[in-house]
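In the working numbering, the protein residues as written are 7 to 260. Built from N, CA and C at the ideal position, the CB exists for glycine as well.
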């Protein structure tokens with residue numbers, strides 16, 4: 007006799023989502039994105055180690071960004087404060103707290119699968135730390151980045167964070183890509199409405215772009231640093247989504 011499926015073995019809503027025209031991407035599409043992002047990230051790391059910045063980037067950060075920032079701070083201080091606040095939505099403390107709260111909400115709703123998905127998103131932190139450590143290139147007269155200095159920067163000891171000692175990749179861009187990307191994916195998983203899922207993805211992309219470009223406005227990063235953050239965050243996001251979708255939607259036969 008054929009056994010009835012165990013509803014606790016997988017989420018019913020999650021299992022139905024791909025068949026209901028939802029906005030959940032397929033594992034193949036997610037893996038394809040990771041295959042694009044990972045080689046691109048490798049190229050950026052090699053470029054950062056050997057070249058640093060391009061001439062157009064130097065021109066942008068010297069001739070364009072400072073005048074814009076000066077004009078905004080002089081003529082629209084509230085706007086400058088708003089931009090700084092939006093930038094904080096990608097800070098390590100905010101994203102870490104956000105992962106914790108979102109995970110607890112998922113557990114409270116009985117979605118252990120989504121809680122584990124969000125827990126996997128915290129891998130963004132060690133990936134950022136590792137990339138900053140291995141791509142750090144000391145300026146003349148400066149000592150190499152030591153583990154103690156890296157540890158202190160993790161917790162902003164002495165008022166110096168990771169972005170103050172190592173530019174690549176942009177931590178705000180990396181963390182925002184993973185955090186808001188996973189939140190949007192969770193909305194798509196629990197919703198059977200494709201439009202609602204697409205709206206969630208649109209909001210996530212808007213937040214990621216805003217947080218990243220504001221870091222450029224603040225002079226904290228060059229464009230290549232933002233690109234590195236997007237590539238690293240996108241690669242991690244794609245791998246997590248692909249593994250999750252394979253485990254939930256295509257479980258191995260017993």
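- Contact check between the region 201-209 and the region 88-104: fewer than three CB pairs, one atom from each, fall below 8 Å, which does not count as touching.
- Taking every protein chain shown into account, the CB of residue 79 has fewer than 16 other CB atoms within 10 angstroms, so this residue is exposed.
- Residue environment analysis places residue 49 among the exposed positions, since fewer than 16 neighbouring C-beta atoms fall within 10 angstroms of its C-beta.
- Annotated three-state conformation of residue 109 is helix, per DSSP.
- If you draw a straight line from the Cα of residue 133 to the Cα of residue 238, it comes to about 8 Å.
- A Cβ-Cβ distance of about 4 Å is found for the pair residue 39 and residue 244, placing them in contact under the 8 Å criterion.
- Distances from the alpha-carbon of residue 188 to those of 171, 172, 169, 213 put 213 closest.
- The residue among 186, 100, 118, 141 with its C-alpha nearest the C-alpha of residue 240 is 186.
- Per DSSP, residue 96 is not a residue of any alpha helix (DSSP H), being assigned neither H nor E.
- Counting of Cβ neighbours within 10 angstroms places residue 136 among the exposed residues, the total staying below 16.
- If you look at residue 64, you'll find it in the alpha helix (DSSP H) that goes 61-65.
- With respect to the 8 Å criterion, residue 121 and residue 113 are classified as neighbours on the basis of their beta carbons.
- With fewer than 16 other beta carbons inside 10 angstroms of its own, residue 118 counts as exposed.
- For residue 251, the enclosing alpha helix (DSSP H) covers residues 229-255.
- Within the same chain, Cβ atoms closer than 8 Å to the Cβ of residue 94 are found at 100, the five residues on either side in sequence being excluded.
- Taking the CA atoms as reference points, residue 124 sits about 25 Å from residue 219.
- DSSP places residue 104 in the helix class (H, G or I) of the three-state scheme.
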